[in-house]
Amino acid sequence: MGFLRKLLGGGDGISKTELIRALAKRRISTDPVAKGMGYDESMVDSLGEMELMGTPEAALVTIVETYAVSRKSGTSEKAILDHIEAHRSQVGSGQLPKPLTLDSFIRYRFKIEFSSGPPISDEFISEAIATTKRHYGLN
8 MGFLRKLLGG
18 GDGISKTELI
28 RALAKRRIST
38 DPVAKGMGYD
48 ESMVDSLGEM
58 ELMGTPEAAL
68 VTIVETYAVS
78 RKSGTSEKAI
88 LDHIEAHRSQ
98 VGSGQLPKPL
108 TLDSFIRYRF
118 KIEFSSGPPI
128 SDEFISEAIA
138 TTKRHYGLN
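Using the working numbering, read the sequence shown as starting at 8 and increasing by one per residue.
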């Protein structure tokens, strides 16, 4: 539990891969659908890095990481999200949300990229966004 507490309190010393794994474990541990399908936290540990990078958590962390790095260099929010959309639209695209914010963009991308999988709760998405923003120094 200390690792999760550290994760939720800030990202110092936690790698991107560790953050993604921790978020995936959190989702599985709190999701009754995942439990009903027989998933458990140990399955996350068995994922290779390429498999892990295909998870919703990896998409979320990558989007927030790109956003944070770009904001710190002075790029506008709209320009960042347009750039991320141009890249991720290879998977699919739709009408960008209004107002366009980091949070609304992530929810929009989840609907496009992960709607065919098991449902992901809005509560988990909110928690994962907040955790990842803290990790990258966005508040």
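Note that CB positions come from ideal geometry on N, CA and C, so glycine has one too.
1. Which value, in whole angstroms, describes the spacing of the CA atoms of Lys-140 and Gly-45?
2. I'd like the list of long-range same chain contacts for Val-51, defined as Cβ closer than 7 Å, with 5 residues on each side in sequence excluded.
3. Just the Cα atoms here: how many angstroms apart are Ile-136 and Phe-112?
4. Roughly how many whole angstroms lie between the Cα atoms of Gly-17 and Ala-66?
5. Around the Cβ of Val-68, are there at least 16 other Cβ atoms within 10 angstroms (buried) or fewer (exposed)?
6. I'd like to check one pair, Ser-100 with Glu-92: are the Cβ atoms closer than 9 Å?
7. So the alpha helix (DSSP H) Gly-124 belongs to, where does it begin and stop?
8. Between Val-98 and Lys-118, what straight-line distance do the alpha-carbon atoms span, to the nearest angstrom?
9. Where do the ends of the alpha helix (DSSP H) carrying Thr-62 lie?
10. Less than 7 Å between C-beta atoms, sequence neighbours within five positions excluded: which residues of the same chain meet that for Arg-95?
11. Starting from Gly-43, follow the alpha helix (DSSP H) in both directions and report where the run begins and ends.
12. Looking only at C-alpha atoms, which of Thr-62, Asn-146, Ser-49, Ser-22 sits nearest to Gly-124?
On the basis of the supplied data:
1. 30 Å
2. Arg-28, Ala-31, Lys-32, Ile-35
3. 11 Å
4. The pLDDT assigned to Gly-17 is 48, lower than 50, so where the model puts this residue is not dependable; a value taken from the coordinates is nonetheless given after this. Approximately 19 Å between the Cα atoms of the pair.
5. buried
6. yes
7. Run containing Gly-124: none; DSSP gives neither H nor E here.
8. 12 Å
9. Premise fails: Thr-62 is in no alpha helix (DSSP H) and is neither H nor E.
10. Arg-116
11. 39-43
12. Thr-62
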